[in-house]
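Colleague: For any residue, its number in our numbering is found by taking its place in the sequence shown, counting from 1, and adding 35.
Sharing a structure here in structure tokens format.
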Amino acid sequence: MSAVRKSRSPRLLSLAAARRALAAVALLGLVSAGGCASYIDKARTARSGGDYKKAESLYKESMTKDKDELDRELAREELVAMMVDRAQNIAKADPTKAEGIYRDAHELDPKDENAQDGLGRLLASLNRTDEAIMVLGGDGGGFQKCELCDRYLAVLLKKRARTYEDAKKHEAALADYRRAFQLLPDPSTAFAIARVHTATDNHAEAAKAIEEAVPLIKADDRQSQADFVKVREIAVMRATADGDMEIVDRYMGMFPPGSGGDPWYALQLRVARERWRMQDLDGVIARIEPLLGEAHQESLSQAIRAEMVDFLGKVEIQKGVGLLRDGKAAEADQSFARASELDPADETLKLLRALAFAGKGDLERARQIAAALPTSIEGHKEVEAILESLLVFDRLDVGDVSAAKEALARAQAAAPDQPEVHVAAAAILAISPVTGLKKKDIALLRKSGLANYSAGVFRYAEALSEIAWAREQSKTLGDTYRFRGPGSSERADTLERQIRESFPFAVKFNPEPTTILSLRTKGDTVEATVTGPGVDERVFVSNSGPDPLTFTDAGLITISYGRSKYALVAESYTAVQVELP
């Protein structure tokens with residue numbers, strides 16, 4: 036009997052055996068009584084002799100003429116079994132004939148699963164996959180649900196699904212993969228379902244499919260374990276890039292055999308680094324900090340632990356620097372303190388904590404800490420410059436301009452390109468009178484100045500230029516630059532607002548010791564006469580022109596049009612845009 040035939044269900048086999056036993060008993064009785072063999076007995080004799088055509092004819096006669104009902108039923112069953120065996124034996128040599136025999140067998144007994152399974156397999160071998168799936172799945176054509184067919188049906192469904200998937204027919208692919216998974220739950224099918232969902236950006240459903248695969252991955256299934264680790268890595272990094280941390284955590288919470296250890300920790304570190312690139316510092320800390328705790332002491336390797344400690348320390352420093360820049364000195368100091376715990380040998384952190392003390396109002400203590408540290412420590416000059424810049428504002432607040440200027444000189448000597456130094460310089464410039472003006476020039480500026488010079492003719496434009504330079508320098512240094520003053524952003528904003536109360540025009544830094552002036556009007560074009568150091572021109576001023584005018588030195592600028600005359604001060608290293616009244 037063939038392998039397919041042997042795979043019939045135990046229920047069918049036991050029933051057939053019972054029928055044959057009863058038939059044998061009946062046959063003995065008939066022979067003893069009258070010596071006449073039944074049609075079924077003759078059919079069996081013909082079959083055993085290889086005369087299948089005669090056997091088929093006798094089986095059919097038995098099905099209608101044998102008096103014993105059991106014989107008639109058994110004849111049908113044995114005929115179908117014989118036909119299935121024959122079809123299977125000739126399938127390779129004559130598939131067309133084999134198909135006909137399978138179909139005849141199915142017509143004789145629509146419930147015979149061997150006939151149905153054999154026909155489905157034959158059709159599949161002829162690349163008639165859709166027909167094979169219809170037959171094996173009992174999806175019409177007189178075919179019924181077939182338990183024997185399920186395994187091979189699942190194989191064909193996966194094959195067709197892959198074809199759909201490659202053609203980007205995602206819904207059809209999903210339907211076949213899902214049906215295959217219901218028939219034969221298997222990790223590889225779940226991975227395929229997840230793959231299709233991922234291709235359509237349905238990451239939540241992809242994660243659900245993988246969750247269904249996890250319980251199916253066994254300790255000895257190395258291939259599925261490796262596939263899971265690969266799928267997890269791809270899905271986690273994609274979700275991280277999309278900012279979908281819920282999906283990330285779902286995958287990281289799946290633990291089939293062979294999925295933990297260093298690969299899991301390394302992936303956590305990769306996620307954290309990616310979030311760091313997105314400047315999610317709190318998210319990074321929340322992810323890495325627990326992994327350094329007692330719960331992971333035995334499972335986390337020393338190599339990856341060292342990487343995590345180093346990375347977390349850098350993140351805590353960056354977070355602290357940002358908090359300090361935003362004026363949150365106490366929170367910044369907490370971050371610096373944690374970074375010190377992670378790397379006690381980093382003396383730079385003592386300088387950063389000094390900045391935090393300054394931000395908390397203890398500037399003198401901060402200066403003492405910095406002064407006591409070796410000047411060779413990275414960032415010492417920058418921190419010294421920041422602390423002296425803070426002293427500038429401290430002294431100005433009490434009206435000690437002389438001490439403020441001395442502090443600025445020390446700051447400029449320590450680190451002249453530090454943004455905080457330029458903001459401190461702006462504070463000094465904003466109260467420094469413009470020199471070289473005649474009394475009549477000052478009078479004209481106070482009377483007809485485009486800016487408000489009522490409190491004095493101060494170097495407002497230069498001050499705003501310094502603030503603009505400081506902001507650009509801050510961008511250049513970037514968020515990862517360690518040495519920033521406490522509340523530096525707010526301090527620059529506050530100073531700028533104060534200056535703009537008197538000088539409301541847009542100012543950019545000009546690297547040359549000249550004044551670049553752009554004139555504009557809101558309304559109609561006007562013809563104006565502009566005079567100043569190195570300039571005496573008539574220009575047409577509109578909402579888009581003229582080209583900027585360059586004044587070669589500091590001094591008085593006058594702008595006359597119609598019956599109006601206005602004045603402004605040319606200040607070196609400035610680029611100013613003025614909208615005429």
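In this text, a Cβ means the ideal position worked out from N, Cα and C, and glycines have one as well.
Of all the options GLU142, LEU114, THR587, ARG107, which has the alpha carbon lying nearest to the alpha carbon of LYS88?
Modeller: Here residue 88 corresponds to residue number 53 of the sequence shown, with the count starting at 1. Answer by Cα proximity: LEU114.
Colleague: Would you call the CB atoms of VAL542 and LEU499 closer than 8 Å?
Modeller: Along the sequence shown, read from residue 1 onward, the residue named residue 542 stands at position 507. Along the sequence shown, read from residue 1 onward, the residue named residue 499 stands at position 464. In this structure, VAL542 places its C-beta atom within 8 Å of the C-beta atom of LEU499.
Colleague: Near ASP86, what residues of its chain come up, given a Cβ to Cβ distance below 6 Å and the 5 sequence neighbours on each side ignored?
Modeller: The residue you call residue 86 lines up with position 51 of the sequence shown. Counting only Cβ-Cβ distances below 6 Å, and skipping sequence neighbours, we find nothing.
Colleague: Could you give the distance in angstroms between the alpha-carbon of GLN337 and the alpha-carbon of GLY328?
Modeller: Reading the sequence shown from its first residue, position 302 is the one you call residue 337. Reading the sequence shown from its first residue, position 293 is the one you call residue 328. Using only the alpha carbons, I get a separation of about 13 Å.
Colleague: Would PRO409 be called buried (16 or more neighbouring beta carbons within 10 Å of its own) or exposed?
Modeller: Your numbering for residue 409 matches position 374 in the sequence shown. PRO409 is exposed by the Cβ-count criterion.
Colleague: Give the secondary structure of ALA68 by DSSP, where H, G and I count as helix, E and B as strand, and everything else as coil.
Modeller: Residue numbering aside, residue 68 sits at position 33 when the sequence shown is read from its first letter. Only weak support exists for where ALA68 lies, its pLDDT of 39 falling under 50; the coordinates are left without a value.
Colleague: Considering only the alpha carbon of each residue, which of ARG195, MET313, ALA307, ARG267 lies closest to ALA321?
Modeller: Reading the sequence shown from its first residue, position 286 is the one you call residue 321. Cα-wise, what sits closest to ALA321 is ALA307.
Colleague: Only counting the same chain, and skipping five residues up and downstream in sequence, which positions put a Cβ closer than 7 Å to that of ALA159?
Modeller: On the sequence shown, residue 159 is found 124 positions in, with the first residue counted as 1. Only ALA167, LEU191 meet the Cβ criterion.
Colleague: Name the DSSP bridge partner or partners of LYS653?
Modeller: With the chain running from 36 to 616 in the structure shown, residue 653 is simply not present.
Colleague: So what does GLY173 bridge to, in DSSP terms?
Modeller: Against the sequence shown, residue 173 aligns to sequence position 138. DSSP, once it has assigned bridges, lists no residue as partnering GLY173.
Colleague: Measure the Cβ-Cβ separation of LEU472 and VAL492 and say whether it is below 8 Å.
Modeller: Your numbering for residue 472 matches position 437 in the sequence shown. Your numbering for residue 492 matches position 457 in the sequence shown. Going by C-beta atoms, LEU472 is nearer than 8 Å to VAL492.
Colleague: With PHE586 as the anchor, note down where its alpha helix (DSSP H) starts and where it stops.
Modeller: Within the sequence shown, numbered from 1, the residue matching residue 586 stands at position 551. Taken as a continuous stretch (DSSP letters only), PHE586 belongs to no alpha helix (DSSP H), being part of the beta strand (DSSP E) at 584-586.
Colleague: Measure the Cβ-Cβ separation of LEU326 and LEU316 and say whether it is below 8 Å.
Modeller: Start at 1 with the first residue of the sequence shown, and residue 326 comes out as number 291. Start at 1 with the first residue of the sequence shown, and residue 316 comes out as number 281. No, Cβ-Cβ distance for LEU326 and LEU316 is not below 8 Å.
Colleague: So what's PHE428 in DSSP terms, helix, strand or just coil?
Modeller: Here the question's residue 428 lines up with position 393 in the sequence shown. Of the three classes helix, strand and coil, the one that applies to PHE428 here is helix, per DSSP.
Colleague: Below 8 Å, can you find three or more Cβ-Cβ pairs linking the stretch 445-463 to the stretch 516-529?
Modeller: The stretch 445-463 is in contact with the stretch 516-529.
Colleague: Rounded to a whole number of angstroms, what is the C-alpha to C-alpha distance between ALA29 and ASP429?
Modeller: The structure shown has nothing for residue 29, since the chain only spans 36 to 616.
Colleague: Tell me the rounded alpha-carbon separation between HIS141 and GLU91.
Modeller: For the purposes of this step, residue 141 is identified with residue 106 of the sequence shown, where counting begins at 1. For the purposes of this step, residue 91 is identified with residue 56 of the sequence shown, where counting begins at 1. Going by the C-alpha atoms only, they are around 15 Å apart.
Colleague: Residue range of the beta strand (DSSP E) that GLY590 falls in?
Modeller: Stepping through the sequence shown from its first residue, residue 590 is reached at position 555. Unbroken beta strand (DSSP E) run through GLY590: 590-596.
Colleague: In angstroms, rounded to a whole number, what distance separates the CA positions of TYR300 and THR235?
Modeller: As a working note, residue 300 is residue 265 in the sequence shown. As a working note, residue 235 is residue 200 in the sequence shown. Looking at the two C-alpha atoms, the distance is approximately 29 Å.
Colleague: Please return the same chain residues whose Cβ sits closer than 7 Å to the Cβ of LEU143, not counting the five positions on each side in sequence.
Modeller: Mapped onto the sequence shown, residue 143 falls at position 108. The residues are ARG111, LEU114, VAL115.
Colleague: Could you tell me the distance, in whole angstroms, from the CA atom of SER509 to the CA atom of ILE502?
Modeller: Here residue 509 corresponds to residue number 474 of the sequence shown, with the count starting at 1. Here residue 502 corresponds to residue number 467 of the sequence shown, with the count starting at 1. Cα to Cα, SER509 sits roughly 10 Å from ILE502.
Colleague: Is GLY172 closer than 8 Å to PRO145 when the C-beta atoms are compared?
Modeller: Here residue 145 is taken as the residue at index 110 of the sequence shown, counted from 1. Here residue 172 is taken as the residue at index 137 of the sequence shown, counted from 1. Contact: no.
Colleague: Count the other CB atoms within 10 Å of the CB of VAL418; is the residue buried (16 or more) or exposed (fewer)?
Modeller: Sequence index remark: in the sequence shown, residue 418 carries index 383 (1-based). VAL418 is buried by the Cβ-count criterion.
Colleague: DSSP has ILE551 in a bridge; who is on the other side?
Modeller: On the sequence shown, residue 551 is found 516 positions in, with the first residue counted as 1. DSSP output for ILE551 lists THR585, ALA610 as bridge partner(s).
Colleague: Can you tell me which of the three DSSP states ASP297 falls into?
Modeller: Within the sequence shown, numbered from 1, the residue matching residue 297 stands at position 262. Helix, per DSSP.
Colleague: Can you have a look at ALA679 and say buried or exposed, based on whether 16 or more other CB atoms are within 10 angstroms of its CB?
Modeller: One cannot answer for residue 679 here, as it falls past the ends of the chain, which runs 36 to 616.
Colleague: Suppose only complete runs of 4+ residues qualify. What are the alpha helix (DSSP H) ranges in the stretch 471-497, listed by chain order?
Modeller: 474-483
Colleague: Please name the residue or residues paired with LEU603 in a DSSP beta bridge.
Modeller: By 1-based counting over the sequence shown, the position of residue 603 is 568. In the DSSP output, where bridge partners are listed per residue, LEU603 has ILE592.
Colleague: Is it true that the stretch 533-540 meets the stretch 370-389, where meeting means three or more beta-carbon pairs spaced less than 8 Å apart?
Modeller: no
Colleague: Here's the rule I'm using: 16 or more other beta-carbon atoms within 10 Å means buried, otherwise exposed. How should MET343 be labelled?
Modeller: One-based indexing of the sequence shown puts residue 343 at position 308. Buried.
Colleague: Among residues of its own chain, excluding the 5 on either side of ILE421, which ones have a beta-carbon nearer than 7 Å to its beta-carbon?
Modeller: As a working note, residue 421 is residue 386 in the sequence shown. Taken in chain order, the residues that qualify are LEU390, GLN453, GLU455, PHE518, GLY520.
Colleague: What three-state label does DSSP hand GLY580 in the structure shown?
Modeller: Taking the sequence shown and counting its residues from 1, the one referred to as residue 580 is at position 545. Correct three-state label for GLY580: coil.
Colleague: Assign SER73 to buried or exposed, taking buried as 16 or more other Cβ atoms, counted over all protein chains shown, within 10 Å of its Cβ.
Modeller: Position 38 of the sequence shown, counting from 1, holds the residue named residue 73. The residue in question, SER73, is buried, as its Cβ has 16 or more Cβ neighbours within 10 Å.
Colleague: Going by other Cβ atoms of all chains shown within 10 Å of its Cβ, with 16 needed for buried, is MET118 buried or exposed?
Modeller: Looking up residue 118 in the sequence shown gives position 83. The residue is buried, with at least 16 neighbouring Cβ atoms inside 10 Å.
Colleague: If we count the other Cβ atoms within 10 Å of its Cβ and call it buried at 16 or more, is LEU603 buried or exposed?
Modeller: Position 568 of the sequence shown holds residue 603. Burial call: buried.
Colleague: LEU63 to SER259, Cα distance in whole Å?
Modeller: Counted from its first residue, the sequence shown places residue 63 at position 28. Counted from its first residue, the sequence shown places residue 259 at position 224. Its pLDDT being 44, under 50, LEU63 is placed unreliably in this model, and the value from its coordinates should be taken loosely. Their backbone Cα atoms lie some 58 Å apart in a straight line.
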